[in-house]
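Chains as they are written, first to last, in my numbering: chain A, 24 to 245; chain B, 23 to 640.
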Amino acid sequence: MQEVMIPVRLFFSKTGRAKYISHLDTMRTFTRAFRRTSLPLWYTQGFNPHLYMTFPLPLALGVESLREAVDFRLVQQMDFQRVADEMAAVLPPGFGVVEVAAPVMPASAIAWAEYEIRLAYPEQEREAMLFALKGLFDKPSIDVVKKTKKGETLTDIRPHAALLDCKTDENGLWMWVRLAAGSTLNISPQLLLEAFQKNTRPADSVKILRTAILDAERKPFA
Amino acid sequence: MSLEARLEPILEQVQKPARYIGGELNSVVKDPSRVSVRYALCFPDLYEIGMSHLGMKILYSIKNKREDIWCERVFAPAADMEAKMREHQIPLYGLESLEPIAGFDFIGFSLQYELCYTTVLNMLDLAGLPVRSKDRKSLAPIVMAGGPCACNPEPLADFVDLFVLGEGEEVNLELIDLYKQAKEEHWSKEEYLRRASHIPGVYVPSLYQVTYREDGTVREIVPLDGAPARVTKRIIQNLDRVEFPESFVVPFIDIVHDRSMLEVQRGCIRGCRFCQAGFIYRPIRDKRPETLNRDALNLSRTSGYDEVSLTSLSTSDYLGLEELLDQMLPWTEEQQINIALPSLRIDNCSEKLMAQIAKVRKSGLTFAPEAGTQRLRDAINKNLTEEEILSTCRSAFRSGYTAVKLYFMIGLPTETMEDVAGIADLAQKVVDTFYRMPEKPKGKGVQVTVSVSCFVPKPFTPFEFEPQDTPEQLREKQKHLLAHVRSRKISVKYHDSDTSVLEAVLARGDRRLCAVLESAWRAGSRLDGWGEHFSMERWNQAFAQHGLDPAFYAHRRRDYGEVVPWSHLDYGVSRRFLIAENKKAWESAVTPNCRERCSGCGAAALYSDGEVKPPCKK
């Protein structure tokens, strides 16, 4: 029997080439990274013990993020700065340690996520695209086909999406959006883009960056 | 625009993009302005296969340890990625720098199986290079290849500038050093290759002229320009002291063998007559348990892997195994690391070892009797009795196993229909053994999987003279076997006979096949080892186009005196020994293993003078 079990939440960034690493592969990456440290980690106590580790809000393949979270446990109290340093030393390029802290909110508190999205278009098309984007959010509803395990359902994502800002510059069309997130209702940025690109031509390239994970009060997930 | 930026929109549209971006832990990134040699280490198959190969890891590490060399990994793109690369004119690139390999100094291929040959051509083409050696005029890049298939590399002779025969740890660096001199002194490619041909173990095919007889067999192989008449393979004299990686590149995606790997020994004492590896990797050499334990610690620490595999051709023949396990068990258990023991023989698997493997994998146990009757097992020199097979199964069942997988071959030389039926009989005896055991696991049935592959005769084995069964004969034998299986506890799995024929053609092929290979590739053949890409029809058209008959290569018996396409290559084991072993096979006579008695195969001559180590004798 282990006496103490200290829950720890590590916030990390996943940028650059690391965006091509799927959620499943990210979990494997973290397991191995943890094993390369000397941290006193908590293993599950079953017949086949394994490292306890959960990701409160998985990140989709192709999306970068400034602040993701992973929860794990220590069996011995230790300085969180040391945990951060040890992890920073063993994570592969593209993964950065942002902060290590005691979890404040349960994973179920997650309600929103904010994204910065850049769509590349030729210069002459950008203003029309900006207009189309504003038009999309002016409509009372945005219906999209959402694929779930049970099949396809038509969902109105308008109540679950907010356009915070948008602009064009020499790189294309930029938008900052807040979308419902969490285990009960999750609107992916790809789903929003699908709705947007239903009636417009697809962008030359797409860059998506998750900038924040928020609770129902829009306070940063902590 | 950089290649990385051009890749971005493409990677969003392909399966498993992490195959194509590099950036894995322990991958080596250097400053290109501070190295003098760029080396593209290519594996002509998908990332998941190539990243599982220990030889790649060893050569990657040895080259990158040198400050003046930057060695990068290159794998074949899957079909979806290849289409995108061709559409967007993205050339094949190194995973570390994301720079085109056409600009590198060396492009080196690992040849692990014959069905990868079209992929070699495809990768050269994707790199933007002419596939034929003579069409690449400049010194760089030098296209080289090594690995087991280099023992008869003739079907690739027109495409590859030089082959490395045998073990690559030392000769690779010698070739690179010679190249540095070539660059400094502005040699032509011909000059470099001519000089390289004098490095032991280096075979430059363009320096040999091959002539043929009317019947299609080789008349003569003549060395040109002072090249040596025979090229002898290289071995590492002291395996215990050879460089071994301190770290592996740890992939993000799941690969076939995703774990630390040690090589406990090289070579094999057994001499199973069908097994090419058993002959071309001779003589047997091993590492000390202390060395292996140190390497295992290093790899576990630097990778974070939770499994370490003790590999070799026959790990239970490694004399230091129990001592090694004693050294490894304390720390592996503490760190929750599994020790995997593949390649164990049935006859010398101790109870202690059984208990060890049982801890790792409870699900199933795999054994390779190879043949169904004692007569045929003797003919192939498998040296395994039925009682040994059954008693091992008994102790496996006792330690809790309920599934056994048995590997067999059909089409072996001297095989009769009784031998084929014997496979079903043996599997049945394994089933019966389970039900007769009073202590069998309660409430569970037994599952015996019989996996049957088609025998492919390979060069440098006693069966190199033998015809391969035709697909019709093989299908007949498959039917015969199925008819003899009576229990539902036995399931039978087959391998495709068409790919086996192609494998047989390429394994013992000559230079005339280069044209066939190129035509098959131009018609769309690549990744032939993958069922969804393979088309025998495409290959048959290519053979017809060049007036060659695959049956000549696959299904023809060779005289002991025939000049074979690999006659000028020397792997230590003498032709006289192979002929003697072939005769013994036809008498169903066995040959003792190297530790029981040295049979004088000739491999001892590969040791430098006075260095011959047991069990070899001078």
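Ideal Cβ placement from N, Cα and C applies to all residues, glycine included.
The beta carbon of residue 480 (chain B) sits closer than 7 Å to those of 298, 486 and 529, all from its chain and outside the five residues before and after it, given in chain order. Annotation for residue 267 (chain B): 79, 80 and 83 place their beta carbon closer than 7 Å to its own, counting only its chain and skipping 5 residues before and after.
Interface with chain A (8 Å Cβ-Cβ cutoff): residue 272 (chain B) is included. Neighbours of residue 52 (chain A) in chain B, taken as residues whose beta carbon is under 7 Å from its own, are 274 in chain order. DSSP places residue 89 (chain A) inside the beta strand (DSSP E), whose first and last residues are 86-97. Out of B:70, B:31 and B:91, the CA that lies nearest to the CA of residue 50 (chain B) is found in B:91. Exposed is the label assigned to residue 457 (chain B), since fewer than 16 other Cβ atoms lie within 10 Å of its Cβ. Taking the CA atoms as reference points, residue 478 (chain B) sits about 24 Å from residue 278 (chain B). Sequence-distant Cβ neighbours of residue 84 (chain A) in its own chain, meaning closer than 8 Å and more than five residues away, are 42, 43, 44, 45 and 46. Residue 302 (chain B) carries a helical assignment under DSSP once its states are collapsed to helix, strand and coil. Cβ contact annotation for residue 73 (chain B) (same chain, cutoff 6 Å, sequence separation greater than five): 273 and 277, in chain order. Measuring C-alpha to C-alpha distances from residue 433 (chain B) to each of B:475, B:471, B:513 and B:596 identifies B:475 as the nearest. DSSP places residue 195 (chain A) in the strand class (E or B) of the three-state scheme. Excluding residues up to 5 positions away in sequence, 102, 103 and 106 lie with their Cβ nearer than 7 Å to the Cβ of residue 36 (chain B) in the same chain. In terms of beta-carbon proximity, residue 96 (chain A) stays away from the interface with chain B, with every pair separated by 8 Å or more. Look at residue 325 (chain B): its C-beta is under 8 Å from a C-beta on chain A. A residue is called buried once 16 or more other Cβ atoms fall within 10 Å of its Cβ, and residue 575 (chain B) is buried on that count. Distance from the Cα of residue 520 (chain B) is smallest, within the candidate group B:538, B:491 and B:503, for B:491.
Contact annotation, residue 172 (chain B) with residue 130 (chain B): C-beta distance approximately 11 Å; criterion of less than 8 Å not satisfied. What residue 39 (chain B) touches in chain A, judged by beta-carbon distance under 7 Å, is 43, going in chain order.
At least one CB atom of chain A sits nearer than 8 Å to the CB of residue 328 (chain B). Residue ranges of uninterrupted alpha helix (DSSP H) with 4 or more members, entirely inside the segment 544-587 of chain B and ordered along the chain, are 558-567 and 572-576. In this structure, B:306 is the residue among B:610, B:404 and B:306 with its C-alpha nearest to the C-alpha of residue 189 (chain B).
In the three-state DSSP reduction, residue 238 (chain A) falls in the strand class (E or B). For secondary structure counted as the beta strand (DSSP E) over 3 or more consecutive residues, the segment 332-366 of chain B holds these complete runs in sequence order: 360-362. For the pair residue 159 (chain A) and residue 165 (chain A), the Cα-to-Cα distance works out to about 7 Å. Secondary structure at residue 102 (chain A): coil, using DSSP grouped into helix, strand and coil. Here the C-alpha atom of residue 194 (chain A) lies approximately 11 Å from the C-alpha atom of residue 140 (chain A). Here residue 486 (chain B) carries a coil assignment [DSSP, helix/strand/coil]. Approximately 17 Å separates the beta-carbon atoms of residue 177 (chain A) and residue 219 (chain A); this is outside 8 Å, ruling out the contact. Taking 8 Å as the threshold, the shortest C-beta distance from residue 48 (chain A) to chain B falls below it. Pairing residue 63 (chain B) with residue 94 (chain B), the inter-Cα distance amounts to about 6 Å.
The contact set of residue 117 (chain A) on chain B, defined by CB atoms closer than 8 Å, consists of 45 in chain order. Minimum Cα-Cα distance from residue 527 (chain B) among the listed residues B:498, B:516 and B:562 corresponds to B:562.
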